[in-house]
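Only one structure is covered here, and it is reproduced in the block below.
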Amino acid sequence: MTAKQANIDALSRILGGSFGLYAQTHAYHWNVEGPEFRQLHATFEEQYQNLWEALDEIAERIRSLGAYAPASLAELVALAGDAPAPAQSADAMVAALIAGHEALADELRTAIATAQEAGDEPSAGLLTDRLEWHEKELWMMKASRK
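Numbering (our numbering), first residue to last: 37 to 182.
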């Protein structure tokens, strides 16, 4: 496999992972309840909106490399990986999102290295920006649980 194809594949995995986390976060936005409802409802909305916008950026980056972005629901779901178990409580939702952001951050670190190996600085920059956002969200969610 060429470095360019490895880079495209890594971007595709990030697209799928972001899609999965988007769907999970949006569902939690709809279903959260409890004493922290307003705060979590707003937080989840901010997160899913950011993830939705990121999908377009990542897909367009794949297109700019001359490949077709995964476009069917089946492709995106397959790239998203295993679906997390449904969470019912607000605490379980936050814990599941922490796990989801951590998993995607790990995948982003790998994808950044792959983009750098391919000499694709624009992709590395995009992915680094995404990693920064996920790390900030992780910090805020973890801090809110103390």
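Backbone N, C-alpha and C fix where the C-beta goes; we use that ideal spot for every residue, glycine too.
None of these values were measured; they are calculated from a predicted model.
| message | Quick check: what's the CA-CA separation for Ala126 versus Ala179? | response | So the two alpha carbons sit approximately 15 Å from each other.
Discussion item. Can you find the residues in the same chain that come closer than 8 Å, C-beta to C-beta, to Arg49, ignoring five residues on each side of it along the sequence?
Written reply: Excluding five sequence positions before and after Arg49, the CB atoms of its chain that fall closer than 8 Å to its own CB belong to Leu115, Glu143, Ala147, given in chain order.
Check: Are there 16 or more other CB atoms within 10 angstroms of the CB of Gln83, so buried, or fewer, so exposed?
Finding: Gln83 comes out buried.
Subject >> Complete alpha helix (DSSP H) runs within the stretch 88-154 (minimum length 4 residues, chain order) >> reply: Listed in chain order, they are 109-116, 126-153.
In chain order, what residues of the same chain lie with their CB nearer than 7 Å to the CB of Glu89, ignoring the 5 residues before and after it? Correct list: empty, nothing qualifies.
Next on the checklist: For Glu153, count the other beta carbons within 10 Å of its own beta carbon; 16 or more makes it buried, fewer makes it exposed. Which is it?
Outcome noted: With fewer than 16 neighbouring CB atoms inside 10 Å of its own CB, Glu153 falls in the exposed class.
Quiz prompt | Own chain residues within Cβ distance below 7 Å of Pro106, not counting five before or after | solution = For Pro106, where only same-chain residues beyond five positions count, the Cβ hits under 7 Å are Ser48, Leu51, Gly52, Leu112, Leu115.
**Q.** Buried or exposed by the 16-neighbour rule on C-beta atoms within 10 Å, applied to Gln41
**A.** Answer is exposed; the Cβ neighbour count stays below 16.
- Task: Could you have a look at Pro71 and say whether DSSP puts it in helix, strand or coil?
- Result: Looking at Pro71 - three-state DSSP - the assignment turns out to be coil, as it is neither helix nor strand.
Notebook entry, point to check: So, Ala131 versus Ala123, is the Cβ gap smaller than 9 Å?
Noted result: Result yes, Cβ atoms of Ala131 and Ala123 sit closer than 9 Å.
**OP:** Return the first residue and the last residue of the alpha helix (DSSP H) that Lys172 is part of.
**Re:** Where Lys172 is concerned, the enclosing alpha helix (DSSP H) stretches over 157-180.
Exercise. Should Arg166 and Ile94 be called a contact, given that it needs their Cβ atoms to be closer than 9 Å?
Worked result: Their beta carbons are under 9 Å apart, which means Arg166 touches Ile94 by this criterion.
Euclidean distance between Cα positions of Ala103 and Arg181 | Using only the alpha carbons, I get a separation of about 41 Å.
Residue closest to Leu101, alpha-carbon to alpha-carbon, out of Glu138, Ala46, Glu173: Out of Glu138, Ala46, Glu173, Ala46 has the C-alpha closest to the C-alpha of Leu101.
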